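Numbering (my numbering), first residue to last: 587 to 973.
Glycine included, C-beta positions come from ideal geometry on N, C-alpha and C.
Note that the structure is a prediction, hence the values are computed from the model and not measured.
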Ligand SMILES: Cc1cc2nc3c(=O)[nH]c(=O)nc-3n(C[C@H](O)[C@H](O)[C@H](O)COP(=O)(O)OP(=O)(O)OC[C@H]3O[C@@H](n4cnc5c(N)ncnc54)[C@H](O)[C@@H]3O)c2cc1C
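If you want it as structure tokens, here you go:
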């Protein structure tokens, strides 16, 4: 079993202890049958989010002065990895709040916004979503056209967003809007309370990450004030830069989710193969399966080292766009390959819902899309290489 390296900026946060705390939480609160039921019923795991408060980790990346633990986003990586080993969707929805609530407000919020939101987030009292993607703006995200128009002291937001995680259950949706024609310098982030009239959602059915409440979001003259701009009125048109500050953390979070899923598949496949193919005399019936398991373990180990290396750089404040992009695409593609091999090794059982490899395969397909697809990460790495 792995112990995470100290990757955070503060030596005070013990990553091994964080990992052990989350592992205990998983064993206590999420039996395998519950994880399967959440997937099969596409159930948002609201009660588990509430119970996650028992770990005291909601404030992991919130400054102590606001009631948090004072860590950085990298300190949260063992949380994603451990939760993903049992219930990837819980890592996804918790990560959504840690990144687009805690981290975005901590990095870009105004003093008043920090004062109001961070203590509540540290207690797990608020749920946040992040709405960037639109029907016509995915990988080229700065093409967004959802508009915020200033009129008589207010902004009116009109337009729609697609594939927004948790948008139907969140209290606040950080909404990226077009406020000026300039592609990158004409984007403003608003903290939109979901109770505001004109805000509505429709649930989207999808392949993996069942239970993450992925939604289309509709804004019909949603009225907010300039004080709802992330960072306050002076941050009009600064939304793109505010978002870019989160990208390394986001890529590392998704790489960590991939590691957790890959490990879960490897564990399940080894246990299965030992029982089914391992002969009593200690000789393996199928050499090919033995080698496949070694390949899976080796590739996962490589993904882990790449991710932890990038995390160490990020934790130490060293420029690492190249490394986090490499880690995100390599870890998610590796987990995808491992999940496919797992399903194949399980044979007929791999096709049943009684084993979790099929769920892992459906979930990893999403991991190489969300947070910038594999192709987009490769474009970023190519640019970093001067290509
Ligand atoms: C389950 C799920 C949850 C999500 N949650 C959120 C959320 O909470 N908030 C949010 O804002 N968004 C969310 N998204 C959206 C996600 O960020 C986008 O799906 C992602 O950015 C890709 O955009 P797209 O799906 O429009 O793909 P497209 O941009 O249409 O890409 C289609 C294909 O073309 C490739 N491609 C596109 N451009 C290039 C290029 N320049 N070079 C090479 N290849 C390229 C892509 O790699 C991909 O293979 C979520 C998506 C999913 C599936």
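Over what stretch of residues does the alpha helix (DSSP H) that includes residue i continue unbroken?
i           : result
residue 949 : 943-953
residue 759 : Element bounds for residue 759: not the alpha helix (DSSP H) but the beta strand (DSSP E), 758-764.
residue 719 : Residue 719 -> no alpha helix (DSSP H), and no H or E assigned at all.
residue 910 : 907-932
residue 622 : 618-627
residue 632 : 632-638
residue 782 : It is not in any alpha helix (DSSP H) - residue 782 carries neither H nor E in the DSSP assignment.
residue 607 : 601-615
residue 825 : 825-830
DSSP has residue i in a bridge; who is on the other side?
i           : result
residue 815 : 776
residue 893 : For residue 893, which the question treats as bridged, DSSP gives no partner whatsoever.
residue 702 : For residue 702, which the question treats as bridged, DSSP gives no partner whatsoever.
residue 787 : 803
residue 714 : 758
residue 961 : DSSP, once it has assigned bridges, lists no residue as partnering residue 961.
residue 723 : 720
State the start and end residues of the unbroken beta strand (DSSP E) segment that holds residue i.
i           : result
residue 737 : 733-737
residue 742 : 740-751
residue 802 : 800-810
Can the beta-carbon of residue i be found less than 9 Å from the beta-carbon of residue j?
i           : j           : result
residue 917 : residue 840 : yes
residue 924 : residue 885 : yes
residue 950 : residue 799 : no
residue 921 : residue 946 : yes
residue 816 : residue 777 : yes
residue 900 : residue 612 : no
residue 604 : residue 676 : no
residue 708 : residue 654 : yes
residue 737 : residue 939 : no
residue 953 : residue 844 : yes
residue 757 : residue 781 : yes
residue 646 : residue 704 : no
residue 725 : residue 753 : no
residue 818 : residue 699 : yes
residue 846 : residue 667 : yes
residue 937 : residue 944 : yes
residue 685 : residue 835 : yes
residue 743 : residue 784 : yes
residue 830 : residue 747 : no
residue 620 : residue 663 : no
residue 969 : residue 849 : no
residue 681 : residue 649 : no
residue 719 : residue 749 : yes
residue 813 : residue 696 : yes
residue 732 : residue 761 : yes
residue 751 : residue 801 : yes
residue 706 : residue 683 : no
residue 763 : residue 795 : no
residue 997 : residue 942 : This structure cannot settle anything about residue 997, because the visible part of the chain is limited to 587 through 973.
residue 765 : residue 823 : yes
Quick check: is the beta carbon of residue i nearer than 9 Å to any beta carbon in chain B?
i           : result
residue 694 : In the structure shown, chain B cannot be found, because there is only a single protein chain.
message: If we require 4 or more residues per run, which alpha helix (DSSP H) segments fall completely within the stretch 662-694?
response: 663-672, 674-683, 690-694
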